[in-house]
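Data block below; observations after.
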Amino acid sequence: MIVRSAEFVKSATRPDNYPPAEMPEVAFAGRSNVGKSSLINVLVNRRGLVRTSSTPGRTQLLNFFDINGTFSLVDLPGYGFAKVPLAVKKQWGPMIRTYLGGRPSLKAVVHLVDLRRVPNEEDLQLLDWLEEYEIPTIPVITKADKVPRSRRERQIKGILEATGLPRDAFTLFSAITREGRDEIWQRIEAALGL
Ligand code: GTP
Ligand code: MG
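When we follow the UniProt record's numbering, the leftmost residue of the sequence shown carries the number 1, and every step to the right adds one.
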């Protein structure tokens with residue numbers, strides 16, 4: 001994928017605020033602080049297009065980006081961070097379900113999990129919803145650079161057991177080394193029909 005332009009379009013919480021569903025779209029979901037915004041920045045080669053933060057729970061809205069004027073990427077708010085106010089936490093489920101269930105242009109969701117952690121109840125909940133709405137999923141294991149190569153497959157085993165997905169469903173990624181970037185683009189392009 002050659003990214004000629006990458007522009008922030010708008011933030012939204014409700015469907016009446018989403019941009020028109022005119023272009024095919026891929027969204028990024030996962031636990032707070034897992035690295036969703038960092039992955040988007042690496043994909044589009046723009047260090048600061050999407051705000052990243054060491055403070056989890058930074059992204060609390062759906063953020064829509066226009067790429068090349070031909071498709072959209074959507075940074076979804078993360079889940080599972082203890083310090084996020086309860087009122088915000090309660091909104092997350094309905095906000096995500098409304099989006100997943102009512103966005104005709106949505107072609108796939110990139111679901112990120114951290115190589116160092118076993119997916120939890122909320123990760124599995126999200127996978128259930130994706131299945132329920134029949135949305136193709138692109139599973140990514142991120143922060144690969146945080147684990148030495150010798151220990152990676154052992155960590156991955158725990159992720160496979162928790163999710164029930166096969167090894168080849170996952171692309172291993174690192175925002176630091178950029179490994180996995182090309183493979184994720186290929187999977188996104190296939191989902192978008194490009
Ligand atoms: P929320 O917006 O809170 O849901 O978080 P997010 O999923 O968008 O995470 P974000 O991209 O902001 O990254 C969170 C932190 O993890 C930042 O400090 C990033 O620099 C760091 N980070 C993200 N990806 C990687 C990675 O692949 N390797 C390493 N070492 N750090 C990463
Ligand atoms: Mg973010």
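Just so it is clear, CB atoms sit at the ideal spot from N, CA and C, and this is done for glycine as well.
Counting along the chain, T163 sits inside the alpha helix (DSSP H) bounded by residues R149 to T163. Secondary structure at A21: coil, using DSSP grouped into helix, strand and coil. For the beta strand (DSSP E) assignment, the uninterrupted runs of no fewer than 3 residues enclosed by the stretch 118-148 are, from N- to C-terminal side, 137-142.
Nearest in C-alpha terms to Y133, of all of I67, I96, G35 and V44, is I96. Assigned with DSSP and collapsed to three states, K89 falls in helix. Taking each of G102, E7, M1 and D128 in turn and checking the Cα distance to H111, the smallest one comes out for D128. Looking at the DSSP output, F81 bridges to nothing.
Residue V34 holds the alpha-carbon nearest to the alpha-carbon of P119 among M23, M1 and V34. The DSSP-derived three-state label of S11 is strand.
Bridge pairing for I67: A6 and F71 [DSSP]. With contacts defined by Cβ atoms closer than 8 Å, V147 and R116 form a contacting pair.
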